[in-house]
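Numbering (the working numbering), first residue to last: 446 to 895.
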């Protein structure tokens, strides 16, 4: 009720003001005939049709009212109204123009798009933004590198010349594949080596040579191998030099003998001759034929080492052991009959016997020592009996002519940790290639009962 009363009073006041204003306009007209800016009824106004009724007055305009806001690109309008006659004036508001904001560009990368430098307006959505597409990788190809036992490798891979993109994949180092090798004790005249390992995939080795021991002479003979002390002259007219061994005599060297053909006596001083001492005939190059008597059980290490002229040797039944390097370098030997009584043949026993063409190993032998036939370039065939269960490393190294190896028992063989097919070992030619061929297993061979 109070609001309605207030509204009626306000409207009454406004009407009173209008009446006063009109009265003022009339009074001004009556008292200002000489004022050219005032137009009254009946006056002729230049450029205005005389309708005889038009009344002229000076407008009193109110405040401008925005009818249409100007934008960055479009003009606006504003209007004001005369307070007495309600006449309207309309005015154009100029376009504002853009309020430019500069933006830096961003280069595109191989995997991310970018944009050119561009502008925007702080008032509107105006923009000159232009996107740049991702470049994609500029691929560079790289070859792979196989891993070795001690060095890592990598697969073939790609990189990008512009960024750090890569498909690089490392291959871990393989590590050594060890092959064990038995040691060989040095002798008085031959160097040896400690037990060692090699790698079947690279040249890694722990091989360590052991120097030869040299002779240790006691009472005219070496107490290790029985070789005669060259500083002690032989007994007059003695063909050979002997040393008593407790049960018989050991031949330790030559005395006055100079014949190429040698028959070793079966007794000396009433006792049997039981051994050929180590290095007994070492480097007696003019020996051509040797007959060993029955009763001898052992041929010492290096006994005929370097006897390059030796063409024939008769080893009797009853000999049980042939020492290491016993016939090393006997290049004139073309064949040798090893009696069935022999059960042990030392490492390198026939090393570098280049004239040997055929060997039959007796049934009692259980192990073929390392380097036993190494360097026997003329060896063409060999029979390995059922009794043999071990073939040590490099036993047939350098046997380039070996064409036939007969395994009496081809089952259960493992070479350098790899099982060898019995079918392959049943073929003499294939067996020869596996022992001495280009891709042979030169490490240790062992036979197992599966």
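All residues carry an ideal CB built from backbone N, CA and C; glycine is no exception.
- Note that the C-beta distance between residue 889 and residue 808 is not below 7 Å.
- Bridge partners of residue 734 according to DSSP: 706, 757.
- The residues 708, 759, in chain order, have a CB closer than 6 Å to that of residue 736 in the same chain once the five nearest residues on each side in sequence are set aside.
- For residue 635, the closest of 589, 656, 543 by C-alpha to C-alpha distance is 656.
- Scanning its chain for C-beta atoms nearer than 7 Å, with the 5 sequence neighbours on each side dropped, one finds around residue 596 the residues 618, in chain order.
- It is roughly 35 Å from the alpha-carbon of residue 568 to the alpha-carbon of residue 531.
- By the criterion of a C-beta distance shorter than 6 Å, residue 511 is surrounded in its chain by 523, once the five residues flanking it on both sides are discounted.
- In the same chain as residue 730, and ignoring 5 residues on each side of it, the C-beta atoms closer than 8 Å to its own belong to 751, 752, 753, 754, in chain order.
- The three-state secondary structure of residue 868, taken from DSSP, is helix.
- In this structure, 824 is the residue among 779, 583, 824, 761 with its C-alpha nearest to the C-alpha of residue 880.
- At the C-beta level, residue 598 and residue 590 come within 7 Å of one another.
- Residue 514 counts as exposed, since fewer than 16 other C-beta atoms from the protein chains shown sit within 10 angstroms of its C-beta.
- Within the same chain, and ignoring the five residues on either side of residue 843 in sequence, the residues whose Cβ sits closer than 6 Å to its Cβ are 819, 820.
- Taking the CA atoms as reference points, residue 812 sits about 22 Å from residue 868.
- With a cutoff of 7 Å on beta-carbon distance, residue 722 and residue 695 are scored as near each other.
- With the rule of 3 Cβ pairs closer than 8 Å, the stretch 792-808 counts as touching the stretch 766-781.
- In this structure, the beta-carbon distance from residue 725 to residue 697 falls below 7 Å.
- Shown here for residue 878: same chain residues with a beta carbon closer than 8 Å to its own, the five before and five after excluded, namely 884, 885 in chain order.
- Secondary structure note for residue 625: its beta strand (DSSP E) is the uninterrupted segment 623-626.
- Residue 576 sits in a strand when the DSSP states are folded into three classes.
- Fewer than three beta-carbon pairs drawn from the stretch 638-649 and the stretch 661-668 are found closer than 8 Å, and the two stretches are therefore not classed as touching.
- In the assembly as shown, residue 887 is a buried residue. Its beta-carbon has 16 or more other beta-carbons within 10 Å.
- A direct Cα-Cα distance of roughly 9 Å separates residue 504 from residue 526.
- At the C-beta level, residue 627 and residue 815 come within 7 Å of one another.
- Per DSSP, the beta-bridge partners of residue 629 are 638.
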